[in-house]
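S.K.:
Protein chains: 2
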Amino acid sequence: MFSHSEENYLKVIHNLELTNSKNVSTTLIANELQTKASSVTDMLKKLADKKLVNYEKYKGVTLTKQGEIIALNVVRKHRLWEVFLVDKLNFNWDEVHEVAEQLEHIKSDQLIDRLDAFLNYPTKDPHGDPIPTKNGKMPLDNSILLSDAHADIVYEVSCVKDNSKSLLQFLDKHAITINSEITIVDKFDFDDSMTVKLSNGILLTLSNKVSANVFVNLK
Amino acid sequence: MFSHSEENYLKVIHNLELTNSKNVSTTLIANELQTKASSVTDMLKKLADKKLVNYEKYKGVTLTKQGEIIALNVVRKHRLWEVFLVDKLNFNWDEVHEVAEQLEHIKSDQLIDRLDAFLNYPTKDPHGDPIPTKNGKMPLDNSILLSDAHADIVYEVSCVKDNSKSLLQFLDKHAITINSEITIVDKFDFDDSMTVKLSNGILLTLSNKVSANVFVNLK
DNA sequence: ATATATTTTTAGACTTGTCTAAATTTAAAA
DNA sequence: TTTTAAATTTAGACAAGTCTAAAAATATAT
Ligand SMILES: [Mn+2]
Ligand SMILES: [Mn+2]
Ligand SMILES: [Mn+2]
Ligand SMILES: [Mn+2]
Chain A
0 MFSHSEENYL KVIHNLELTN SKNVSTTLIA NELQTKASSV TDMLKKLADK KLVNYEKYKG
60 VTLTKQGEII ALNVVRKHRL WEVFLVDKLN FNWDEVHEVA EQLEHIKSDQ LIDRLDAFLN
120 YPTKDPHGDP IPTKNGKMPL DNSILLSDAH ADIVYEVSCV KDNSKSLLQF LDKHAITINS
180 EITIVDKFDF DDSMTVKLSN GILLTLSNKV SANVFVNLK
Chain B
0 MFSHSEENYL KVIHNLELTN SKNVSTTLIA NELQTKASSV TDMLKKLADK KLVNYEKYKG
60 VTLTKQGEII ALNVVRKHRL WEVFLVDKLN FNWDEVHEVA EQLEHIKSDQ LIDRLDAFLN
120 YPTKDPHGDP IPTKNGKMPL DNSILLSDAH ADIVYEVSCV KDNSKSLLQF LDKHAITINS
180 EITIVDKFDF DDSMTVKLSN GILLTLSNKV SANVFVNLK
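From first to last, the protein sequence lines stand for chains A and B.
Going by numbering that gives the first Met the number 0, the letters in the first sequence line up with residues 0 to 218, in that order.
Going by numbering that gives the first Met the number 0, the letters in the second sequence line up with residues 0 to 218, in that order.
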């Protein structure tokens, strides 16, 4: 079994492997975990000893197969609990992260299997992120960023990249949720902002900061 | 906020205050927590520094008001999670303890309030133990041990004292659950065993070990 | 290519929670 | 009331996880 701390490191490394370059750097991990670079170095050595990461001094890390399996399992638990909190306990999608951050470390395969069944085998969490399967496969998704999407095509919101309260509450205010229909009406070079139309006909202007954090799919 | 370890100590001390004498001894705590007496002494000093226990060298401990509030909150969370596991995730009552032991440490008042509502404000856990209220009151119960009960009176099972798998599975096998109707037909001085009749008419002989671990109420 | 800045690692320390072994206190027995 | 036994505490150690400050390595800029 692995500690909360080890699990958090593995999860963050996995996350950074997806979004950033191949070899994840010490500082990136430190920022993500709100800790110090020296602490990260210490932990990377321990994880390397346990064959959970490939670590070479000054070169950053990658997860080993074993490390990835554990990371995906933590992500799976995190996202299943988020679904539980939103679907069953009526949490809002901007309120679930901190609690799921704790719940993801509960050790019981039976618990997760039954929770999965209770929730009707969801494939996405409340933020549109895919839930890894029991056998450690992360479902693929061919979404694109709204900021890279084209005008006059009907898309639907599939996922939010940034799970911060401020973005989630912003989207709430403008009635944009997962599966919302959205069409780009106009794009502005000056600041990369855009005007979009929602299914209820309402027109909105979104900054690049927003559109670069919302994934969409062809409807 | 308090650590898992501190919470476990407070919970166990609370438990021992109820079942044993007033001042809880170091060894009792050590046994209950599967740890060493010297570790307990160390922790008692820390808890005393934080004003959570009244501790005098060689004299054992009692919880302070503050300590009791925290202990009752942990017990509340433990028991609510047990209800969740049994009622919603179809766990058997002998399978929930270890998982609840972990879940009881999740920190979120909002989570517990909503879980409580989701479960319909239960007052007892799957083992018949009362669930402390949000404001730290432990509901009273005037149950008596089956071993102290009288013959030819109809009782109902209210609670099990021992939550071990072996007792719970024994009761399962003989279809004795919380709220089961039970009448003592005969008591035997020789080994303090007894013959009881269940509502379905079935007669059973129970050892003292069993009857001394089952609480009943007048029906 | 050399100097400067940034990143990463080491060295040494601290906290929490635990342990063993030895000393001390309290309780029980002779 | 001694003596013996049991319970409790102290002393000293260790692992996990973190930190600060300083050294070493790498990347960037002139
Ligand atoms: Mn976490
Ligand atoms: Mn999420
Ligand atoms: Mn616990
Ligand atoms: Mn219980």
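Even glycine gets a Cβ: it sits at the ideal position worked out from N, Cα and C.
Since this is a predicted model, take the numbers as computed values, not measurements.
1. For K10/B, I'd like the list of residues in its chain whose CB is within less than 8 Å of its CB, leaving aside the five on either flank, ordered along the chain.
2. Is the beta carbon of R78/B within less than 7 Å of some heavy atom of ligand 4?
3. Please tell me whether, using a cut-off of 7 Å, the distance from the CB of E31/A to the nearest non-hydrogen atom of ligand 2 is below it.
4. Taking buried to mean at least 16 other C-beta atoms within 10 Å of its own C-beta, is I28/B buried or exposed?
5. Below 7 Å on C-beta distance, what does Q33/A contact in chain B?
6. In chain A, which residues lie less than 9 Å from I105/B when you measure between Cβ atoms?
7. Using the beta-carbon count (16 or more within 10 Å), is H13/B buried or exposed?
8. Going by the DSSP bridge assignment, what does N53/B pair with across the sheet?
9. Going by beta carbon distance, what residues of the same chain come within less than 8 Å of S220/A, once the five residues before and after it are set aside?
10. Flag H126/A as yes when its Cβ comes closer than 7 Å to any non-hydrogen atom of ligand 2, and as no otherwise.
11. Below 7 Å, is the gap between the Cβ of N162/A and the nearest heavy atom of ligand 2?
12. Whose CA, out of I105/A, V209/A, K106/A, T132/A, lies closest to the CA of A116/A?
13. Could you give the distance in angstroms between the alpha-carbon of S139/A and the alpha-carbon of P129/A?
14. Do E81/B and ligand 4 come close, with the Cβ less than 7 Å from some heavy atom?
15. Does the beta carbon of H96/A fall short of 7 Å from some heavy atom of ligand 1?
16. In angstroms, rounded to a whole number, what distance separates the CA positions of A174/A and S210/A?
17. Below 9 Å on C-beta distance, what does R78/B contact in chain A?
18. Determine, using beta-carbon pairs with one atom in the segment 160-175 of chain A and one in the segment 194-214 of chain A, whether at least three such pairs fall under 8 Å.
19. Using a Cβ-Cβ cutoff of 9 Å, what residues of the segment 179-208 of chain A are near chain B? List them in chain order.
20. From the DSSP output, which residues share a beta bridge with F187/A?
21. If you draw a straight line from the alpha carbon of N141/B to that of N162/B, how long is it in whole angstroms?
22. Assign D124/A to one of two classes, buried (16 or more other C-beta atoms within 10 Å of its C-beta) or exposed (fewer than that).
23. By DSSP's criteria, N216/A is part of a beta bridge. Which residues make up the other side?
24. Who are the neighbours of L254/A on chain B, taking C-beta pairs under 7 Å?
25. From G66/B to G59/B, what distance separates their C-alpha atoms?
26. DSSP three-state call for T182/B: helix, strand or coil?
27. Tell me whether the beta-carbon of Y154/B lies closer than 8 Å to the beta-carbon of K218/B.
28. Kindly list the residues whose CB is nearer than 8 Å to the CB of I105/B, restricted to its own chain and excluding five residues on each side of it in sequence; keep chain order.
29. What is the residue span of the beta strand (DSSP E) that L203/B lies within?
30. Give every residue of the same chain whose Cβ lies closer than 7 Å to the Cβ of V95/A, excluding the five residues on either side of it in the sequence, and list them in chain order.
31. If I measure Cβ to Cβ from S198/B and keep anything under 6 Å in the same chain, skipping five residues before and after, which residues do I get?
32. Determine the contact status of L88/B and L88/A, defining contact as a CB-CB distance below 8 Å.
33. F117/B versus chain A: which residues are under 8 Å apart at the beta carbon?
34. Of the residues L43/A, E16/A, T61/A, V23/A, which one's Cα is nearest the Cα of S4/A?
35. Could you check whether T61/A and K21/A sit closer than 8 Å to each other, using their CB atoms as the reference points?
M.R.: Answer, in terms of the structure:
1. A70, V73, V74, H77, E103
2. yes
3. no
4. buried
5. Ordered by position in chain B, no residue passes the 7 Å Cβ test against Q33/A, which lies about 16 Å from the chain.
6. V98, Q101, L102, I105
7. buried
8. DSSP lists T61/B as partners of N53/B.
9. Since the first and last residues shown for chain A are 0 and 218, residue 220/A lies out of range.
10. yes
11. yes
12. Distances from the CA of A116/A to each of I105/A, V209/A, K106/A, T132/A were compared; the closest alpha carbon is that of T132/A.
13. For the sequence presented, residue 139/A should be read as Leu rather than Ser. Spanning the two alpha carbons is a distance of roughly 8 Å.
14. yes
15. Outside the cutoff, so no.
16. Rounded to the nearest angstrom, the two C-alpha atoms are 15 Å apart.
17. Those do not exist, as R78/B stays about 17 Å from chain A at its closest Cβ, beyond 9 Å.
18. yes
19. none
20. S192/A
21. 19 Å
22. Per the 10 Å Cβ criterion, buried.
23. E155/A
24. Given a span of 0 to 218 for chain A in the structure shown, any question on residue 254/A remains unanswerable.
25. 15 Å
26. strand
27. Yes.
28. Cβ within range, chain order: K76.
29. Residues 202-205.
30. E81, L84, V85, P125
31. E180
32. Result no, Cβ atoms of L88/B and L88/A do not sit closer than 8 Å.
33. K87, L88
34. If we check each option's Cα against that of S4/A, L43/A comes out closest.
35. yes
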